[in-house]
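Residue numbers (my numbering), protein chains in the order written: chain A, 1 to 349; chain B, 1 to 349; chain C, 1 to 349.
Using N, Cα and C, we set each Cβ at its ideal position, and we do this for glycine too.
Structure record follows, encoded as structure tokens.
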Amino acid sequence: MKQSIKLYEVADLVGGEVVGDRDVIITGVAGIKEAQKGDITFLSNTKYLPFLHHTQASAVITSKDISSKEKTLVRTDNPSRAFTKVISLFIPPPHLSRTVGVHPTAIIDKNVHLGEGVSIGPHTVIEENSSIGDRTVIESHTFIGRDCRIGKDVLLNPRVTVLQGTEIRDRVVIHSGTVIGSDGFGYETINGEHIKIPHIGSVLIEEDVEIGSNVCVDRGRFKKTWIQKGTKIDNLVQIAHNVVIGPHCLVVSQAGIAGSTELGKNVVIAAQAGLIGHLTLGDDSIVGAGAGVIKSVPSKSVVLGSPAKPIAEQKKLFAFIARLPELFKEFNELKKRLQSSHPSDASKG
Amino acid sequence: MKQSIKLYEVADLVGGEVVGDRDVIITGVAGIKEAQKGDITFLSNTKYLPFLHHTQASAVITSKDISSKEKTLVRTDNPSRAFTKVISLFIPPPHLSRTVGVHPTAIIDKNVHLGEGVSIGPHTVIEENSSIGDRTVIESHTFIGRDCRIGKDVLLNPRVTVLQGTEIRDRVVIHSGTVIGSDGFGYETINGEHIKIPHIGSVLIEEDVEIGSNVCVDRGRFKKTWIQKGTKIDNLVQIAHNVVIGPHCLVVSQAGIAGSTELGKNVVIAAQAGLIGHLTLGDDSIVGAGAGVIKSVPSKSVVLGSPAKPIAEQKKLFAFIARLPELFKEFNELKKRLQSSHPSDASKG
Amino acid sequence: MKQSIKLYEVADLVGGEVVGDRDVIITGVAGIKEAQKGDITFLSNTKYLPFLHHTQASAVITSKDISSKEKTLVRTDNPSRAFTKVISLFIPPPHLSRTVGVHPTAIIDKNVHLGEGVSIGPHTVIEENSSIGDRTVIESHTFIGRDCRIGKDVLLNPRVTVLQGTEIRDRVVIHSGTVIGSDGFGYETINGEHIKIPHIGSVLIEEDVEIGSNVCVDRGRFKKTWIQKGTKIDNLVQIAHNVVIGPHCLVVSQAGIAGSTELGKNVVIAAQAGLIGHLTLGDDSIVGAGAGVIKSVPSKSVVLGSPAKPIAEQKKLFAFIARLPELFKEFNELKKRLQSSHPSDASKG
Numbered sequence: 001m002k003q004s005i006k007l008y009e010v011a012d013l014v015g016g017e018v019v020g021d022r023d024v025i026i027t028g029v030a031g032i033k034e035a036q037k038g039d040i041t042f043l044s045n046t047k048y049l050p051f052l053h054h055t056q057a058s059a060v061i062t063s064k065d066i067s068s069k070e071k072t073l074v075r076t077d078n079p080s081r082a083f084t085k086v087i088s089l090f091i092p093p094p095h096l097s098r099t100v101g102v103h104p105t106a107i108i109d110k111n112v113h114l115g116e117g118v119s120i121g122p123h124t125v126i127e128e129n130s131s132i133g134d135r136t137v138i139e140s141h142t143f144i145g146r147d148c149r150i151g152k153d154v155l156l157n158p159r160v161t162v163l164q165g166t167e168i169r170d171r172v173v174i175h176s177g178t179v180i181g182s183d184g185f186g187y188e189t190i191n192g193e194h195i196k197i198p199h200i201g202s203v204l205i206e207e208d209v210e211i212g213s214n215v216c217v218d219r220g221r222f223k224k225t226w227i228q229k230g231t232k233i234d235n236l237v238q239i240a241h242n243v244v245i246g247p248h249c250l251v252v253s254q255a256g257i258a259g260s261t262e263l264g265k266n267v268v269i270a271a272q273a274g275l276i277g278h279l280t281l282g283d284d285s286i287v288g289a290g291a292g293v294i295k296s297v298p299s300k301s302v303v304l305g306s307p308a309k310p311i312a313e314q315k316k317l318f319a320f321i322a323r324l325p326e327l328f329k330e331f332n333e334l335k336k337r338l339q340s341s342h343p344s345d346a347s348k349g
Numbered sequence: 001m002k003q004s005i006k007l008y009e010v011a012d013l014v015g016g017e018v019v020g021d022r023d024v025i026i027t028g029v030a031g032i033k034e035a036q037k038g039d040i041t042f043l044s045n046t047k048y049l050p051f052l053h054h055t056q057a058s059a060v061i062t063s064k065d066i067s068s069k070e071k072t073l074v075r076t077d078n079p080s081r082a083f084t085k086v087i088s089l090f091i092p093p094p095h096l097s098r099t100v101g102v103h104p105t106a107i108i109d110k111n112v113h114l115g116e117g118v119s120i121g122p123h124t125v126i127e128e129n130s131s132i133g134d135r136t137v138i139e140s141h142t143f144i145g146r147d148c149r150i151g152k153d154v155l156l157n158p159r160v161t162v163l164q165g166t167e168i169r170d171r172v173v174i175h176s177g178t179v180i181g182s183d184g185f186g187y188e189t190i191n192g193e194h195i196k197i198p199h200i201g202s203v204l205i206e207e208d209v210e211i212g213s214n215v216c217v218d219r220g221r222f223k224k225t226w227i228q229k230g231t232k233i234d235n236l237v238q239i240a241h242n243v244v245i246g247p248h249c250l251v252v253s254q255a256g257i258a259g260s261t262e263l264g265k266n267v268v269i270a271a272q273a274g275l276i277g278h279l280t281l282g283d284d285s286i287v288g289a290g291a292g293v294i295k296s297v298p299s300k301s302v303v304l305g306s307p308a309k310p311i312a313e314q315k316k317l318f319a320f321i322a323r324l325p326e327l328f329k330e331f332n333e334l335k336k337r338l339q340s341s342h343p344s345d346a347s348k349g
Numbered sequence: 001m002k003q004s005i006k007l008y009e010v011a012d013l014v015g016g017e018v019v020g021d022r023d024v025i026i027t028g029v030a031g032i033k034e035a036q037k038g039d040i041t042f043l044s045n046t047k048y049l050p051f052l053h054h055t056q057a058s059a060v061i062t063s064k065d066i067s068s069k070e071k072t073l074v075r076t077d078n079p080s081r082a083f084t085k086v087i088s089l090f091i092p093p094p095h096l097s098r099t100v101g102v103h104p105t106a107i108i109d110k111n112v113h114l115g116e117g118v119s120i121g122p123h124t125v126i127e128e129n130s131s132i133g134d135r136t137v138i139e140s141h142t143f144i145g146r147d148c149r150i151g152k153d154v155l156l157n158p159r160v161t162v163l164q165g166t167e168i169r170d171r172v173v174i175h176s177g178t179v180i181g182s183d184g185f186g187y188e189t190i191n192g193e194h195i196k197i198p199h200i201g202s203v204l205i206e207e208d209v210e211i212g213s214n215v216c217v218d219r220g221r222f223k224k225t226w227i228q229k230g231t232k233i234d235n236l237v238q239i240a241h242n243v244v245i246g247p248h249c250l251v252v253s254q255a256g257i258a259g260s261t262e263l264g265k266n267v268v269i270a271a272q273a274g275l276i277g278h279l280t281l282g283d284d285s286i287v288g289a290g291a292g293v294i295k296s297v298p299s300k301s302v303v304l305g306s307p308a309k310p311i312a313e314q315k316k317l318f319a320f321i322a323r324l325p326e327l328f329k330e331f332n333e334l335k336k337r338l339q340s341s342h343p344s345d346a347s348k349g
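Below, the structure written as structure tokens:
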């Protein structure tokens, strides 16, 4: 990791242009409000523009339309992306410092294949016939059941549970407390008793997926529950049996997706939304926070509310609901007025 | 486990009748869409009827009213139940392969009673004065506090937490990440500070209950939080202190039940529903997905929405809300028409 | 722990007045419905007044306005608080019995500082450069990453995960399955792919905070996610990156708080409520159960519903919605009446 770097080297790294002293020494990174002398920071949201003049940072990465009389800038097309690159110079990824190798307290079945440069933390358990790809990091207290295939450069944080027969592909990241492959919630009710339906399917998690903390992904009943490449899932999300989530989706915290529902690509499910089972959500569709989705959603559409409706329609309904007190008042006034101007009507009621 | 079986043997097992070649060799089980030659599958939902003609399965278990010119059938009263029986011929239950015994890395207090044929996985901890029934399987990384009684044929998956004084009866299954017996959320607020109320009650989980992953069941304040026999609970559910859940209920994922609420028998709480505390839900009542229940629910009734109302009433309200734009429009037209036909009214307003 | 105590000693302890036999022997504590001979119980909620006459308890702690012909009472200003004191005489706190010391299966880096009288359970992992304060209890299967500072008299229940750089101050209690300091859900979407934004901030949990089971508290992007002193958080709650929760707040189960939202002091977030990001909730504000909050909330106000509105307004809207069937009916009747009394209008429509 770098101890210090000159500003023009930062500019070269991110393809930016220095406005001010090219030789300023940069020794760290921080947010615009917290930055101190020596730090570089960034400004991508114009909401934070007022902080540009007050920041203690030695340099600020900005978009190309920003100028400042007092501050040294690095102007780029995408300040946020540029800053992310700079961070990687100074801050180790959380697990880079870990010694490569297998901790002596890990319990690894003799029929497990470990790739090159694998790291296995203390008190981890890996059962028979599983394989772990090159450079994968498996943190402490993690459980990997039998017949699992874990790809290369995967990161399983402490206390992840991966149950038998799961396939996890390259560069997947899973956070602590998450459970992959527990039985789906499926029972057959016979004379008032719920008889368990065996779940003999599995889970497939494709390349570059990230899954947050304390998430549940159930195994399929017969076929697989399937999370496709590049999708990102936040904390405390429920993914039921046989769900298919297309590539590059975002599923925000505490959302729940019931059995066999299928999402296309680039779908966004906002926080605490719930989708019933057996639905289809088209590519690029968006489900608003807290929505209750009970019908399939076409591509590129946005739904909101419970039961969920297209956003324009739902916002109109919210507005009309807010005007109900006024409507009731006006209606009652109208009735009164009509009664006084047509008193004979009263007897007809 | 079977490698292959003749179809008439399957029919005998499930009490069904073969229509077609009784001697077809069956080598596996699969869903109707995924099945290949050699597999047996089933059809219980008429929605899947079109797949009957396309499936590659060598035989299909169906209800008695189904016929097919091309496919070999096994007709039974209940195809789903029959298929579940057949699965058990070919697919081992997840833990059947586990060696019986106690893993050397398990930490078991000397005052723990272990029944016959118990399996205890690696890195498990069982504290003093607890007992484990015959043939119970406790997977890796599980914690069982002191003074717990765990029944026979119980399955605790990896990474379950069972805190002190919990009683878990025969044939209960608990999935990974679930916490049984943590303190209820009870404080007394004195001068703006929240003083913890001790929770000295316990948790009782009766026979044949199944609890999903990352569920929380809090202990009672004085008495017990109580889940009665045959009830099934999905992932990420919250069961607060002193809750009583009657026999054979279903509580679907991410639902939450607040303190001291009591459910009768065969109650269904759908996903993401929330029940406030101190309610009573009658036998056979149903709470719809995402409902917010703030009043007790009578037996056999179905409630929906937030605040929850009887389903017929709530659906009517949803329909009227959807017609609000039309109502506002008509009302405004009516006002205008009345003003033009009774212009003198305008001055009265 | 006491085996028995005379009632006047109880009265002295809680500053109460005995009405009845001062020498009754008390041997235990229980709720008013469950109490048996020898137990002391309490009555603080007048809803339970009918139980006063039926309880088997040998004495009842009540408020000063209660009297009884049959029962021995201890009258105090605050029966609930008094009872909590009495409980502590008879019931050990859950972990008092634990042997002080470090279990031999705990993996503690040599550069970890352990205070006096620390207890570390089996299979716990503590990474480099962390410190643990005096008398802190860390239960089994807990993971503490590098560079963490854990205060004095902290209780981490079994299977807690505390990731690198977290600070936890004195007397904090964290329940099982909870994850502190996982990465926030932050991505930059470039050409339809989500690129992870590094989260280099941390988490600070101040004195006397209690956090329930299976909770997620994400680390800040640059600065810290911050839970201030005396706040209590229930099970399955989501606290996103950069959230600030003021002192003495209550956040009830399954609530979710999105990124950078800030709560003042003594705020209450009821169960299953959701707050979008970048909001401010004023001191003493209350968010109702299941509310969806999309705007900042002023001090001392109460909001309800989704989208959340001030409680008086929202309750009025709920009442008007419930009257929609009646409004539609009356409106249709009015239209008909007007058409029959002004038939010429029909042609104008």
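Short CB-CB distance (under 8 Å) between residue i and chain B
i, result
"A:Val302", "no"
"A:Val74", "no"
"A:Pro307", "yes"
"A:Lys196", "yes"
"C:Glu210", "yes"
"A:Thr161", "yes"
"C:Thr27", "no"
"A:Ala312", "no"
Residue i vs residue j beta-carbon contact at 8 Å
i, j, result
"C:Ile32", "C:Leu7", "no"
"C:His175", "B:Ser182", "yes"
"B:His123", "C:His123", "yes"
"C:Ser253", "C:Asp234", "yes"
"A:Val160", "A:Thr142", "yes"
"A:Gln56", "A:Lys37", "yes"
"C:Ile180", "C:Leu163", "yes"
"C:Ile91", "C:Ile108", "no"
"B:Glu206", "B:Lys224", "no"
Proximal chain C residues relative to residue i, where beta-carbon distance stays under 7 Å
i, result
"B:Ala258", "Ala271"
"A:Ser140", "Val125 and Phe143"
Cutoff 6 Å; reference residue i; Cβ partners in own chain excluding five residues on either side
i, result
"B:Val302", "Ile286 and Ile311"
Per-residue contacts from residue i into chain A (C-beta, under 7 Å)
i, result
"B:Pro122", "Ile107 and Val125"
"B:Gly290", "Gly274, Gly292 and Ser306"
Neighbour flag for residue i against chain A, beta carbons, 8 Å
i, result
"B:Lys335", "yes"
Spatial neighbours of residue i in its chain, beta-carbon cut-off 8 Å, leaving aside the 5 residues before and after
i, result
"A:His199", "Asp183, Gly184, Gly186, Asp218, Arg219, Gly220, Arg221 and His241"
"B:Gly212", "His175, Thr178, Ile233, Asp234, Asn235, Leu236, Val237 and Ser253"
"A:Thr189", "Ile195"
Amino acids of chain C, ordered along the chain, whose beta-carbon sits closer than 8 Å to that of residue i
i, result
"B:Gly177", "Gly177 and Asn214"
Cβ-based neighbour list, residue i, same chain, cut-off 7 Å, excluding 5 preceding and 5 following
i, result
"C:Ser4", "Ile25, Ile26 and Thr27"
"C:Asn157", "Glu139, Ile174, His175 and Ser176"
"A:Lys196", "Tyr187"
Residue i at chain C interface by Cβ criterion, 8 Å
i, result
"A:Asn266", "yes"
Under 9 Å from the C-beta of residue i: neighbouring residues of chain B
i, result
"C:Glu56", "For clarity, residue 56 of chain C is Gln in the given sequence; the question names Glu instead. Chain B residues near C:Gln56: none, gap ~14 Å exceeds 9 Å."
Q.
Between the segment 32-52 of chain C and the segment 105-116 of chain C, can you find at least three pairs of beta-carbon atoms closer than 8 Å?
A. With the cut-off at 8 Å, the segment 105-116 of chain C and the segment 32-52 of chain C do not touch.
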